[in-house]
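Residue numbers for the sequence shown follow the numbering used here, so the first one is 18 and each next one is one higher.
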Amino acid sequence: MGGGPVTDGGVRVLLYHLADDAAGIEAAYHEASRRLEGVPGLLGNELLRSVHAENGFVVVSSWTDLAAFDAWERGAGHKEQTAPLRPYRDLSLDRPFAVYRVAATHTAS
């Protein structure tokens, strides 16, 4: 199996967070994820914890395409759905989020 260009335009969104309270951010993540169930184009998300900084967390969400993400982000429910995680946002960064389009994929054999 080899990698190659992806033509479907899949998108990954990364949101950077800081939290000294791991249980608190995990609870907020699960609540936000529950609120996001059924959002068109959202394929899923993960909460990642840094192995280098105990208080560093990233939420990575996978979307079918940029249009689906943009439609959700402009929608009325966006702020309410993500509200539980907002207190943990890493505001020390110029931009506490990043959006990436999938350029290529490879699956392990």
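Just so it is clear, CB atoms sit at the ideal spot from N, CA and C, and this is done for glycine as well.
All values reported here derive from a predicted model rather than from experimental measurement.
Along the segment 80-123, the beta strand (DSSP E) occurs as fully enclosed runs of 3 or more residues at 114-118, listed in sequence order.
In the DSSP assignment, residue 66 is bridged to 74.
For the set 102, 121, 95 and 81, the Cα lying nearest the Cα of residue 28 is the one of 81. Proximity of the segment 103-114 to the segment 53-62 falls short of the contact definition, fewer than three beta-carbon pairs being nearer than 8 Å. In the DSSP assignment, residue 56 falls outside any beta strand (DSSP E), carrying neither H nor E. When beta bridges are read from the DSSP output, residue 34 appears opposite 74 and 106. Rounded to whole angstroms, the gap between the alpha carbons of residue 38 and residue 85 is 32 Å. Selection 73, 47, 69 and 68 evaluated against residue 62 yields 47 as nearest (Cα-Cα).
Judged by beta-carbon spacing, residue 99 lies within the 7 Å limit of residue 49, meaning their Cβ atoms are closer than that value. Annotated as distal: residue 108 and residue 76, with beta-carbon spacing of 7 Å or more.
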